[in-house]
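>
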Amino acid sequence: MNKLLKYREKLNLTQEELAEKAGVSTRTIQRIEKGTEPKGHTLKVLAKTLGVTEDELKENIAEPKTETINYQLTKQINLSSILGIILPPINILLPWFIMKRKNQVNEITKQIISVQIFYTIIALVCILLSPFISKWFGLTKQITLILLIVSVIINLYVIIRNTIELDKNQKLYIRLNFSFL
1 MNKLLKYREK
11 LNLTQEELAE
21 KAGVSTRTIQ
31 RIEKGTEPKG
41 HTLKVLAKTL
51 GVTEDELKEN
61 IAEPKTETIN
71 YQLTKQINLS
81 SILGIILPPI
91 NILLPWFIMK
101 RKNQVNEITK
111 QIISVQIFYT
121 IIALVCILLS
131 PFISKWFGLT
141 KQITLILLIV
151 SVIINLYVII
161 RNTIELDKNQ
171 KLYIRLNFSF
181 L
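full-length UniProt numbering numbers the first residue of the sequence shown as 1 and each following residue consecutively.
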């Protein structure tokens, strides 16, 4: 809860009453209670009106919001990447769309999409290089198909393993040290 809101409610004042006593607009009180930090004159008059020091009012004016993560939805976002086996861009676009649509933007969902972006880039490079690799090393002509099947199996493993870890420990088992998002 916001410090200004706490002090205002402690004195049983409405936003309008506090605004009138402090000589500021009601809109200013609303903005500060939403998280805008008061500065200068506004900070001084509010502190004086509420009978607190400026530092007390300024410190943690908006307490840090704890990020609420819906782990069921996060697992669904992760599992939606499986559809990318059929059409590779879907393993990125569908989870991203669900993340944005359901307003589930957090570090875990960003990591899920980053892992899929990384997987897609690596798989694409390997498959594009496969004809050259087969020519250089004299491997079978089916190397492209083999690489495609192996990359699908690896992606399935990553998705399923991360889903299991999300279910057990609410974190990803396979993640990157960086994020593309």
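Backbone N, C-alpha and C define an ideal beta-carbon position, used for all residues, glycine too.
Which whole-angstrom value is the C-beta distance of K75 and L166, which I expect to be below 8 Å?
The pair is a contact, with the Cβ atoms about 5 Å apart (cut-off 8 Å).
> Just confirm the distance between the C-beta atoms of A22 and V52, as a whole number of angstroms; I'd bet it's less than 8 Å.
Not a contact, Cβ separation roughly 12 Å.
> For F118, which residues of its own chain have a beta-carbon under 8 Å away from its beta-carbon, when the five flanking residues on both sides are left out?
For F118, where only same-chain residues beyond five positions count, the Cβ hits under 8 Å are L176, F180.
> Just to confirm, is the Cβ distance from E56 to K3 under 9 Å?
Against a cut-off of 9 Å, the Cβ pair of K3 and E56 comes out as a contact.
> Please determine, among R31, H41, L18, the residue with the shortest C-alpha to C-alpha distance to L50.
Of R31, H41, L18, the residue nearest in Cα terms is L18.
> DSSP on R27, reduced to helix/strand/coil?
In this structure, R27 counts as helix in the three-state DSSP scheme.
> For the stretch 97–162, which segments carrying the alpha helix (DSSP H) assignment without a break, of at least 4 residues, lie completely within its bounds, in sequence order?
The stretch 97–162 contains these whole alpha helix (DSSP H) runs: 107–137.
> Expressed to the nearest angstrom, what Euclidean distance is found between the alpha-carbon atoms of T140 and S134?
Cα-Cα distance, rounded: 6 Å.
> What is the DSSP secondary structure of K48, counted as helix, strand or coil?
Helix.
> What are the start and end residues of the alpha helix (DSSP H) that includes T68?
Segment: none, T68 is in no alpha helix (DSSP H) and carries neither H nor E.
> Report buried or exposed for N155, applying the criterion of at least 16 other Cβ atoms within 10 angstroms of its Cβ.
With 16 or more other Cβ atoms within 10 Å, it is buried.
> By Cβ distance, which residues of its chain are closer than 7 Å to I69, with the 5 residues on each side in sequence left out?
If we look at I69 and ignore the five residues flanking it on each side, its Cβ neighbours are N106, I108.
> Could you tell me whether any non-hydrogen atom of the ligand ADP is closer than 8 Å to the CB of D167?
Annotation note on the ligand ADP: not contained in the displayed structure, which lists no ligands.
> Where do the ends of the alpha helix (DSSP H) carrying E16 lie?
E16 -> alpha helix (DSSP H) spans 15–22.
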